[in-house]
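>
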Amino acid sequence: MKIKKQRLDVLLVERGLVETREKAKRTIMAGLVFSNETRLDKPGEKIAIDLPLQVKGNPLPYVSRGGLKLEKALAEFRLTVKDKVMLDIGASTGGFTDCALQNGAKMVYALDVGYNQLAWKLRNDPRVVVMERTNFRYVKPENLDGGMPSFATIDVSFISLTLILPVLKGLLTPESDVIALIKPQFEAGREEVGKKGIVREKTIHVKVVDKIKQFSLQQGYDIQNVSFSPITGGEGNIEFLIHLSWSGFVNQNGSGSDFSAISTIEVVEQAHNQFGK
């Protein structure tokens, strides 16, 4: 079987270890990028997509930038993961998992369809159950043999949340919380996505967030709050955070309730003001 390869600078951005391709190139040229103990110093070098990568001297408090997204969600939505079992869908390098553990999570299922991406310190943490090469759409309760989660995070690419949320509710305990990252580039129609996979228009951002809100309600989730990610995606895409809750049952009318105190338009405006888009 042919090993899939990708440019080193591109992989650093995809894994959330640096913000942009340009910064990735500078970081590599500065000799700060390693695979285990081997320094990698060629930005254009094509390496196996599952090769472990580390950035030395990284000032981030987490193993990747992803942790900053969950950090904001916990603070802004006034949530706690302390003593909870969490399911991290799309764990990748493990930014969300790292943030959760630093905030007292009892255990985290770090699930990803990829392989060998999870940071070494998390891979060896007894509180982490590594679920690599796992397609979430086919996960069953019996696969979570350390206990059912009462908290879940979703940070996935190249797939819509509409394929994740229906499966997730069958894996949660009653009164669970969900933090999902809404990525417009993977939710909008093909004709609405610009060059390099970037979605810039406010109207499309509003449309995408509303689409996920409506779908969540139809699935029986309650919407507690919505915000925007404190950092942009790899190519500069603005992304959004949604806090859902799962009661464990569906109301008689078959849908959830929207308790968010801020409108989608307000959130999108705040995001564009923040990032100067």
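According to the UniProt record's numbering, the sequence shown is numbered sequentially starting from 1. Backbone N, C-alpha and C define an ideal beta-carbon position, used for all residues, glycine too.
Compare the Cα-Cα distances from Ala261 to each of Val63, Pro52, Phe77 and Val10 and report the closest residue.
Locating residue 261 in the sequence shown gives position 261, where the first residue counts as 1. When each option's Cα is compared against that of Ala261, the closest is Phe77.
> Within 10 angstroms of the Cβ of Met148, are there 16 or more other Cβ atoms? Answer buried if so, exposed if not.
For this step, residue 148 is matched to residue 148 along the sequence shown. Its Cβ having fewer than 16 others within 10 Å, Met148 is exposed.
> Based on DSSP bridge pairs, tell me the residues matched to Thr38.
Residue numbering aside, residue 38 sits at position 38 when the sequence shown is read from its first letter. Partner(s): Ser35.
> Determine the extent of the alpha helix (DSSP H) in which Asn116 is found, giving its start and end residues.
Walking along the sequence shown from the start, residue 116 turns up at place 116. Run containing Asn116: none; DSSP gives neither H nor E here.
> Taking 6 Å as the limit between beta carbons, can you name the residues of its chain near Asp258, skipping five residues before and five after?
Here residue 258 refers to the residue found at position 258 when the sequence shown is read from its first residue. If we look at Asp258 and ignore the five residues flanking it on each side, its Cβ neighbours are Ile223.
> Which partner residues does Val128 have in the DSSP bridge list?
Counting from 1 along the sequence shown, the entry for residue 128 is found at position 128. Val128 pairs with Val108.
> Can you look up Ile182 in the DSSP assignment and give me helix, strand or coil?
Position 182 of the sequence shown, counted from the first residue, corresponds to residue 182. Of the three classes helix, strand and coil, the one that applies to Ile182 here is strand, per DSSP.
> Using the beta-carbon count (16 or more within 10 Å), is Leu163 buried or exposed?
If you number the sequence shown from 1, residue 163 lands on position 163. Answer is exposed; the Cβ neighbour count stays below 16.
> Can you tell me which of the three DSSP states Phe215 falls into?
Position 215 of the sequence shown, counting from 1, holds the residue named residue 215. Phe215: helix per DSSP, three-state reduction.
> Are the stretch 78-93 and the stretch 154-174 touching, with three or more C-beta to C-beta distances below 8 Å?
With the cut-off at 8 Å, the stretch 78-93 and the stretch 154-174 touch.
> Comparing alpha-carbon positions, which option in Ala48, Glu175 and Ser216 lies nearest residue 279?
Absent from the structure is residue 279, since the part of the chain shown begins at 1 and ends at 277.
> DSSP on Met86, reduced to helix/strand/coil?
Stepping through the sequence shown from its first residue, residue 86 is reached at position 86. Reduced to three states, the DSSP call for Met86 is strand.
> Any idea if Met29 is buried or exposed, counting beta-carbon neighbours within 10 angstroms, 16 or more meaning buried?
The count along the sequence shown starts at 1 and reaches residue 29 at position 29. The residue is exposed, with fewer than 16 neighbouring Cβ atoms inside 10 Å.
> Closer than 7 Å by C-beta to Asp50: which residues in its own chain qualify, once you throw out the five before and the five after it? Chain order, please.
Locating residue 50 in the sequence shown gives position 50, where the first residue counts as 1. For Asp50, where only same-chain residues beyond five positions count, the Cβ hits under 7 Å are Gly114, Tyr115, Asn116 and Gln117.
> If we count Cβ pairs, one from each stretch, closer than 8 Å, do we get three or more for the stretch 56-76 versus the stretch 125-132?
The stretch 56-76 vs the stretch 125-132: no contact.
> Just curious, the alpha helix (DSSP H) that Phe228 is in, first and last residue?
Here residue 228 is taken as the residue at index 228 of the sequence shown, counted from 1. Premise fails: Phe228 lies in the beta strand (DSSP E), Asp222 to Phe228, not in any alpha helix (DSSP H).
> Please specify which runs of the alpha helix (DSSP H), each continuous and at least 4 residues long, are wholly inside the stretch 126-169, giving them in chain order.
Counting whole runs of 4 or more residues, the stretch 126-169 contains the alpha helix (DSSP H) stretches 165-168.
> Please report the straight-line C-alpha distance between Ala100 and Gly66, rounded to a whole angstrom.
Walking along the sequence shown from the start, residue 100 turns up at place 100. Walking along the sequence shown from the start, residue 66 turns up at place 66. About 11 Å.
> Excluding the 5 residues flanking Lys72 on each side, which residues of the same chain have their C-beta closer than 8 Å to its C-beta?
Translated into the one-based positions of the sequence shown, residue 72 becomes position 72. So the qualifying residues of the chain are Ser227, Ser229, Pro230 and Leu241.
> Among Ala119, Leu168, Lys169 and Ser160, whose alpha-carbon lies nearest the alpha-carbon of Gly189?
For the purposes of this step, residue 189 is taken as residue 189 along the sequence shown, with counting starting at 1. Out of Ala119, Leu168, Lys169 and Ser160, Ser160 has the C-alpha closest to the C-alpha of Gly189.
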